[in-house]
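J.: Input: one structure, supplied below.
Protein chains: 2
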Amino acid sequence: MAMQKVANQLNLNIDRSSPVPLYHQVVQGIEAAIHGGVLPPGSRLDNEIDLAAQLNLSRPTMRKAMDELVRSGLLVRKRGVGTQVVSSQVRRPLELSSLFDDLSNNGSKPTTEVLSFSHDEADAATRAALQLPAGAKVYHFTRLRKVGGKPLALMENWVRDDITSIDEALLGAQGLYGILRNGGVNFRLASQRIGAMIANDYQASLLDTTPGSALVTMERTAVDDTGRQVETGHHVYRADSYSFEMTLVQR
Amino acid sequence: MAMQKVANQLNLNIDRSSPVPLYHQVVQGIEAAIHGGVLPPGSRLDNEIDLAAQLNLSRPTMRKAMDELVRSGLLVRKRGVGTQVVSSQVRRPLELSSLFDDLSNNGSKPTTEVLSFSHDEADAATRAALQLPAGAKVYHFTRLRKVGGKPLALMENWVRDDITSIDEALLGAQGLYGILRNGGVNFRLASQRIGAMIANDYQASLLDTTPGSALVTMERTAVDDTGRQVETGHHVYRADSYSFEMTLVQR
DNA sequence: TTAGGCAGTATGTCCTATCAAGCGAACATA
DNA sequence: TATGTTCGCTTGATAGGACATACTGCCTAA
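Given below as structure tokens:
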């Protein structure tokens, strides 16, 4: 009866006047607790009912929060048993961000050199990728991305021109996705293909490597929330400096 | 008042006696309707309330189904506007399956050649990757995967031995993930890294290509639903025959 | 003619409630 | 002692309601 209960002190402050949904506040709180070591890997959470009561929330709201955490791989639930923190650290799944953002968030200071820039009629392949009618115009440009003065990526992109205007100076100053987001684009999904190839003379000279060295290739087409194909591109990265890391979650 | 309403005939048969949850039946039904062309890209669905009424479901159940479809990128929702089918075709996101399964589902008939097989104490790197104590034993093997008689992938894996027993004959007959699933493993998530490299003499001879040709590399560690690191591996694929395709969904 | 506000509609959030199903441990029985 | 059954705990599924908020387009007033 007088059983000692080690409550996992989540110490979450739920702010009901905040515009942030309650379930999302819970998600953030638990994420912080896990990454901060308050909830060590393998530890079991209190059951959903108790947790909801502790935070003065309903069970569905609590469940919705935990659903997100399960989806992102931080928690594991088992009927009849309980919910526990997954032991391994989880990397954020591959997200819809540009290389520029990734590098900036990483503390590096990427620079961009615009090698070519045009605003012309799209060729057939581009029209197919972006689902544009004949005669439509697109921005077409190639960029060289360096970090710490070292070349890292050679990127060729095609962008539809009915969203926001793009010029060379803009591309030199910030990432493509930043520009498009500022132009009101809400990215929804992207199809991409990652492979490998051998550097040719042109690529090698720009990337400051030798012809025949390994390159990672990436082709991507991004779609926004209105269903428009916004951007397609073909990038190559120096294999010795770049690889794609991701976490897959089994639904 | 007498407005003609073009109801999108979903023709879903919801079987309440089925053990499959209602919301999942709805997910499958709408997926089928989209892929079957009944719901063409860009078409708008009826609102949640009406759809729920049409199928004799509650709105939360309907929403849960649509949530899944939004998450997987098939639908787009906009408050105050409605829900519509995303125009582009969506590939299934990269899933936790083995190459063997992927090829089999694709209609190909992959063959596996076991090049080496051992069951010994794990070295330090493997113990770190699988979080095993000193002295723990692991299965360690390399396999060559061919499809249509053509070599495609060279795979080296380490698997903990406290789950199911593995032998050479088994590996030659089916995929690793199939074996582990049969052994009771429920995979939850995996971290992987995709990059590129140049084929050395050993790899080139086995993959029937030339030294110096491009290879796609993949390193993966998979975790099951109890939080155990189950397997880790390092694979290389012929770049001219293989690339990783995936769809990223912005949450 | 045009700009602003307002109503209608759809999704977003949150709640209470109830039953089903899986799992584990305690308990009863042989 | 060993084994099988039952019971309680926990998550899973579904229902139905209430209110919030964002978007669209119409209507009105300047």
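In order, the protein sequences belong to chains A and B. Take 2 as the starting number for the first sequence in our numbering and just add one per residue. Take 2 as the starting number for the second sequence in our numbering and just add one per residue. Just so it is clear, CB atoms sit at the ideal spot from N, CA and C, and this is done for glycine as well. Note that the structure is predicted; figures quoted are calculated from it, not measured.
Does the distance from the C-beta atom of Val217(A) to that of Ser244(A) stay below 8 Å?
T.: yes
J.: Return the CA-CA distance between Gly37(A) and Met247(B), expressed in angstroms with no decimal places.
T.: Going by the C-alpha atoms only, they are around 32 Å apart.
J.: Beta carbons nearer than 8 Å to chain B: which residues of the region 192-208 of chain A have them?
T.: Ser192, Gln193, Arg194, Ile195, Gly196, Ala197, Met198, Ile199
J.: For chain A, check one thing: does any of its Cβ atoms lie closer than 8 Å to the Cβ of Ser214(B)?
T.: yes
J.: Would you report the Cα separation of Glu220(A) and Ala240(A), rounded to the nearest angstrom?
T.: Rounded to the nearest whole angstrom, the CA to CA distance from Glu220(A) to Ala240(A) is 15 Å.
J.: Have a look at Val28(A) and Lys110(A) and give me their C-alpha separation to the nearest angstrom.
T.: 31 Å
J.: By the DSSP assignment, the beta strand (DSSP E) with Leu153(A) in it spans what residues?
T.: 151-161
J.: Assuming the contact rule is C-beta atoms closer than 8 Å, His236(A) and Ala154(A) should be a hit. Round their C-beta distance to whole Å, please.
T.: 6 Å between Cβ atoms; contact.
J.: Out of Trp159(B), Gly150(B), Ile31(B), Leu207(B), which has the shortest C-alpha to C-alpha gap to Thr233(B)?
T.: The shortest Cα separation from Thr233(B) among Trp159(B), Gly150(B), Ile31(B), Leu207(B) belongs to Trp159(B).
J.: Count Cβ pairs between the region 13-28 of chain A and the region 56-71 of chain A that sit closer than 8 Å; are there 3 or more?
T.: yes
J.: For chain B, check one thing: does any of its Cβ atoms lie closer than 8 Å to the Cβ of Met2(A)?
T.: At Met2(A), the pLDDT of 33 sits below 50, so the modelled position is not reliable; the number obtained from the coordinates is stated separately. Not an interface residue.
J.: Return the CA-CA distance between Val77(A) and Leu58(A), expressed in angstroms with no decimal places.
T.: The alpha-carbon atoms of Val77(A) and Leu58(A) are separated by roughly 21 Å.
J.: Tell me whether Gln132(A) sits in a helix, a strand or coil according to DSSP, three-state version.
T.: Residue state, collapsed to three classes: coil.
J.: Over what stretch of residues does the alpha helix (DSSP H) that includes Ala170(A) continue unbroken?
T.: It spans 169-174 - the alpha helix (DSSP H) in which Ala170(A) sits, taken as one unbroken run.
J.: Quick one: what's got a C-beta closer than 7 Å to Thr222(B)'s C-beta in the same chain, skipping five residues either side?
T.: Ala130, Ala191, Ser192, Gln230, Thr233
J.: Using CA atoms only, rank isn't needed, just tell me which of Arg146(A), Thr227(A), Met63(A), Val186(A) is closest to Asp209(A).
T.: Arg146(A)
J.: Run down chain B in chain order and give the residues with a C-beta less than 8 Å from the C-beta of Val87(A).
T.: Arg189, Leu190, Val224, Gly228
J.: Tell me the DSSP secondary structure of Met2(A) in three-state form.
T.: Legend: pLDDT at Met2(A) = 33, less than 50; position of this residue unreliable, no value from coordinates given.
J.: Considering Arg60(A), what are the terminal residues of the alpha helix (DSSP H) in which it resides?
T.: 60-72
J.: Let me see if you follow: with CB-CB separation under 8 Å, is Val77(A) close to chain B or not?
T.: yes
J.: Pull up the distance between the alpha-carbon of Ser214(B) and that of Ser206(A), whole angstroms please.
T.: 19 Å
J.: Whose C-alpha, out of Glu157(A), Lys65(A), Glu122(A), is nearest the C-alpha of Leu23(A)?
T.: With distances taken between Cα atoms, Leu23(A) lies closest to Lys65(A).
J.: In whole angstroms, what separates the C-alpha of Val228(B) from that of Asp124(A)?
T.: The displayed chain sequence assigns Gly, not Val, to residue 228(B). Each residue's alpha carbon lies about 50 Å from the other.
J.: CA-CA distance, Gly258(A) and Ala197(B)?
T.: The question about residue 258(A) has no answer here: the residues shown for chain A are numbered 2 through 252.
J.: Can you give me the C-alpha to C-alpha distance between Gly43(A) and His120(A), rounded to a whole angstrom?
T.: Distance between the alpha carbons of Gly43(A) and His120(A): 55 Å.
J.: Quick one: what's Leu237(A) bridged to in DSSP?
T.: The residue you asked about is not Leu; residue 237(A) is Val in the sequence shown. DSSP, once it has assigned bridges, lists Leu155(A), Thr218(A) as partnering Val237(A).
J.: So, helix, strand or coil for Val82(A), using DSSP?
T.: coil
J.: Taking 7 Å as the limit between beta carbons, can you name the residues of its chain near Asp256(B), skipping five residues before and five after?
T.: Summary: the structure shown does not reach residue 256(B), with chain B confined to residues 2 through 252, and so no result is reported for it.
J.: Are there 16 or more other CB atoms within 10 angstroms of the CB of Ala53(A), so buried, or fewer, so exposed?
T.: buried
J.: Note down the Cα distance separating Pro134(B) from His141(B), rounded to an integer number of angstroms.
T.: 17 Å
J.: Please name the residues in the region 19-49 of chain A whose beta-carbon is closer than 8 Å to at least one beta-carbon of chain B, in chain order.
T.: Listed in sequence order: Pro42, Gly43.
J.: Can you list, in chain order, the residues of the region 230-251 of chain A whose Cβ is nearer than 7 Å to any Cβ on chain B?
T.: Gln230, Ala240, Ser244, Phe245, Glu246, Met247, Thr248, Leu249, Val250, Gln251
J.: Helix, strand or coil: how does DSSP classify Ala125(B) here?
T.: helix
J.: Whose CA, out of Asn14(A), Ser19(A), Gly185(A), Pro20(A), lies closest to the CA of Ala33(A)?
T.: Asn14(A)
J.: Give a yes or no on whether 8 Å exceeds the smallest Cβ distance from Gly179(A) to chain B.
T.: no
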